Amino acid sequence: MNYPFLLKLSAELLNQINPLYPPDKIVASYFREKSFLGSHDRKFISETIFGAIRWKRLIEYYLNTISKNLNNPEIQQNWNLLKCYSYQISCLKDENCINYSFTEELAFLDLIKNELLKITKTEIVASNEIEKYGIKYSYPDWLISEWFNNYSKAEFENICNSNNLQAPITLRVNTIKVTREECQKELLLENVSTTITKYSPFGLNLEKRINVFSLNSFQKGYFEVQDEGSQLLTLLLNPKPGAKIIDACCGAGGKSLALAALMKNKGEIFGFDIYERKHEEFKKRIRRAGVDIVRLQIITENIIPDKYKNIADILLVDAPCSGIGTLRRNPGMKWSVTPKSIEEISIKQLAILQNYTETLKVGGKLIYATCSTTKQENEDVVDKFLESRNDFILESAENSFAFYGIEGLATEKYFKLHPHIHNTDGFFAAILKKIN
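Going by the numbering used here, the sequence shown opens with residue 4, and the numbers climb by one from there.
Rendered as structure tokens:
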């Protein structure tokens, strides 16, 4: 493996990472430009980039300490290169990389390596316990404080560790076209091995990370990539064939497509969103999945057209959120989300919830959901909504999965999933019934 070459490319790519854009999209675009890279090279670069983002705070702590000790100008001049290298040495502990001796322009890396190997064995120096954990697990202090103050020491450490792991690639089988067993066999014919998901009756986990979008079975519409937690959220709705459902913040349509499959492609699903570009992607997915019951509607200025008022049996408000529950696949979120941004998001979430309730029939179910684990975006929003409305009541989520033979998943009034417990993205949902 040509470590100098791959580290330089990794540093070049890390320099392109923008907190406003998903890193996986930037990485995919970079690989399209560098079509000469083989699969092993891409794996090295991708792992290095996501690792450098995930462990940013710890890596920068190491490098800042080394910089003070050595006073070497090459450290600041090659900051992103050193972040990539430090990840390989101090976090991944890649033996091949550790044993590699650099020459010429990168010879200074051997000096850095020796310092890294020493500093990783020393105690982290911090002004308080929260800061120390923040450096150790590489999270901002506010998030460490949130977890530390709400969980036991053991569970706190489990949360920190699990959110620093790579999420599995999970598929949702499109049962409009194939069964899970049939899809699994089709994937095997394409040399793709999978295991069935622990909870979702329609899910498959890939045993190896590959580009599934190039597979023939994907082009046939046999599956979509969808986290198991997201699949379980659609089961929470328990939709029946013939129902009318409004997916109020449908985005590119992953949950609408899952609902269509649960409804056996019978009924009506109205997908609302404010972004037309997301609907363009959704239309492609609808055609590929063979779904006939989804209708798309662009919402402008938060005005609901009269024809959608009081028609829905089920209203899904999968609200825009901080995305803290998706840190395993979007590690950069922890560096861009702040307590202030969460406060602003929660205000918008409540407004969205209030706005879309007029689409729901009396007796209908409203599902409020986020892929966040913060109380401010979840329970607090639901509490404020119920305080302002006497026409809705909270229903327990405890027995919501009995129909699918799934036990012990929701054991309280709210539906909650956590990476350290369920190995899914973090999710929250509340079931609210319109009573008059």
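From the three backbone atoms N, C-alpha and C, an ideal C-beta is built for every residue, glycine too. Since the model is a prediction, treat every value here as computed from it, not as a measurement.
Rounded to whole angstroms, the Cβ separation of residue 432 and residue 371 is 7 angstroms, and the two are in contact under 8 angstroms.
DSSP lists 197 as the bridge partner or partners of residue 209.
In the three-state reduction of the DSSP assignment, residue 294 falls in the coil class, being assigned neither a helical nor a strand state.
In this structure residue 380 touches residue 325 by the C-beta definition: roughly 6 angstroms separates them, less than 8 angstroms. Distance from the CA atom of residue 346 to the CA atom of residue 378, rounded to whole angstroms, is 11 angstroms. Under the 8 angstroms Cβ criterion, the stretch 304-324 does not count as touching the stretch 386-399, having fewer than three qualifying pairs.
In this structure the stretch 247-260 does not lie against the stretch 184-194, because fewer than three pairs of beta carbons, one per stretch, are closer than 8 angstroms.
In the DSSP assignment, residue 346 falls within the alpha helix (DSSP H) that extends over 342-359. With fewer than 16 other CB atoms across the displayed protein chains lying within 10 angstroms of its CB, residue 43 is exposed. Within 10 angstroms of the beta-carbon of residue 227 lie 16 or more other beta-carbons, which makes it buried.
When secondary structure is reduced to three states using DSSP, residue 79 falls in the helix class. Non-local C-beta neighbours of residue 149 in its own chain, meaning closer than 8 angstroms and more than five positions away in sequence, comprise 377, ordered along the chain. Counting every other CB atom within 10 Å of its CB across the protein chains shown gives residue 244 a total below 16, marking it as exposed. Shortest Cα-Cα distance from residue 292 to any of 267, 72, 82, 22 involves 267.
Around the beta carbon of residue 331, 16 or more other beta carbons sit within 10 angstroms, so the residue counts as buried. The beta-bridge partner set that DSSP reports for residue 247 consists of 271. Below 8 angstroms, enough C-beta pairs join the stretch 132-142 and the stretch 163-175 to call them touching: three or more. Under the three-state reduction of DSSP output, residue 261 falls in the helix class.
Residue 7 holds the alpha-carbon nearest to the alpha-carbon of residue 99 among 29, 62, 132, 7. In the displayed model, residue 37 falls within coil according to three-state DSSP, outside both helix and strand. Note: residue 331 is not bridge-paired with any residue in the DSSP secondary-structure output. Counting along the chain, residue 436 sits inside the beta strand (DSSP E) bounded by residues 430-437. Scanning its chain for C-beta atoms nearer than 7 angstroms, with the 5 sequence neighbours on each side dropped, one finds no residue around residue 114. Apart from the 5 residues on each side of it in sequence, residue 33 sits with its Cβ closer than 6 angstroms to the Cβ of 16 in its chain, given in chain order.
Contact check for residue 124 against residue 88 fails: the beta carbons are separated by 9 angstroms or more.
Annotation for residue 365: the continuous beta strand (DSSP E) segment containing it runs 363-373.
Separation of the CB atoms of residue 209 and residue 172 is rounded to 4 angstroms, and the pair is thereby assigned contact status at 8 angstroms. Residue 397 carries a strand assignment under DSSP once its states are collapsed to helix, strand and coil. A straight line joining the alpha-carbon of residue 342 with that of residue 105 spans about 43 angstroms. In this structure the stretch 90-98 touches the stretch 49-64; the number of beta carbon pairs closer than 8 angstroms is three or more. In the DSSP assignment, residue 315 falls within the unbroken beta strand (DSSP E) covering 315-321. Shortest Cα-Cα distance from residue 235 to any of 426, 28, 38, 27 involves 426. When DSSP states are grouped into helix, strand and coil, residue 92 belongs to the helix group. Ranking 333, 338, 224, 328 by CA distance to the CA of residue 287 puts 224 first. The alpha-carbon of residue 290 is positioned some 15 angstroms away from that of residue 274. In the DSSP assignment, residue 228 falls within the unbroken beta strand (DSSP E) covering 226-228.
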